[in-house]
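Counting from 1, one number per residue, gives the positions in the sequence shown under the working numbering.
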Amino acid sequence: MSRADAQRMAVDRLGWAIEVEDGLGYLVNPAFTPPAVSMSGIDTVSSVRFRIADVVTEETPATRAFLGDLFTLAVREGAARLGRPSIRRDRGHTDTTWEMGAARVTVTLSSRSVVVRFLTPEGR
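Here it is as structure tokens:
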């Protein structure tokens with residue numbers, strides 16, 4: 001997947017934006033201030049990985065419930081858009097994965113965070 005294709009997908013599917021500086025487009029998430037995502041200096045994207053919430057520093061029943069709810073919402077949205085995922089539980093992590101031809105999307109729940117990873121054909 002080319003850099004331009006990856007950026008277009010992030011804009012279309014995630015609501016991110018492309019900001020151009022010195023003739024080069026940078027992918028940014030407008031929900032973060034200052035922009036926390038950049039794809040400068042690369043021509044091919046193999047994967048994009050990001051947390052959808054801050055990392056929990058102290059695990060409590062409330063943080064477990066919060067992360068579990070966030071994970072559930074992400075999985076429901078993924079299922080609505082991408083179909084039924086495969087689920088794997090291993091050593092305190094739950095991975096929910098959608099195979100999309102040569103690409104893959106995984107949402108991971110751990111005791112401290114929820115992470116989304118997009119793997120392009122180049123990353124497989």
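For every residue, glycine included, the Cβ atom is placed at its ideal position computed from N, Cα and C.
Item	Value
Under 8 Å, with one C-beta from each stretch per pair, do the region 72 to 83 and the region 107 to 118 reach the 3-pair mark?	yes
What are the start and end residues of the alpha helix (DSSP H) that includes THR63?	61 to 82
Could you check whether the Cβ of ALA80 sits closer than 8 Å to any Cβ belonging to chain B?	No chain B appears in the structure shown, which is made up of a single protein chain.
Since I believe PRO121 is in contact with ALA141 (beta carbons under 8 Å), could you give me their beta-carbon distance rounded to a whole number of angstroms?	Here the chain has residues from 1 to 124 only, and residue 141 is not among them.
How about VAL116 and PHE50: do their beta carbons lie closer than 8 Å?	yes
Thinking just about the alpha-carbon of each residue, which of ARG8, THR44, ASP43 and SER46 is nearest to the one in VAL28?	ARG8
Within a Cβ cutoff of 7 Å, which residues of the same chain sit near GLY92, ignoring the five residues on either side of it in sequence?	SER110 and SER111
Taking buried to mean at least 16 other C-beta atoms within 10 Å of its own C-beta, is ALA80 buried or exposed?	exposed
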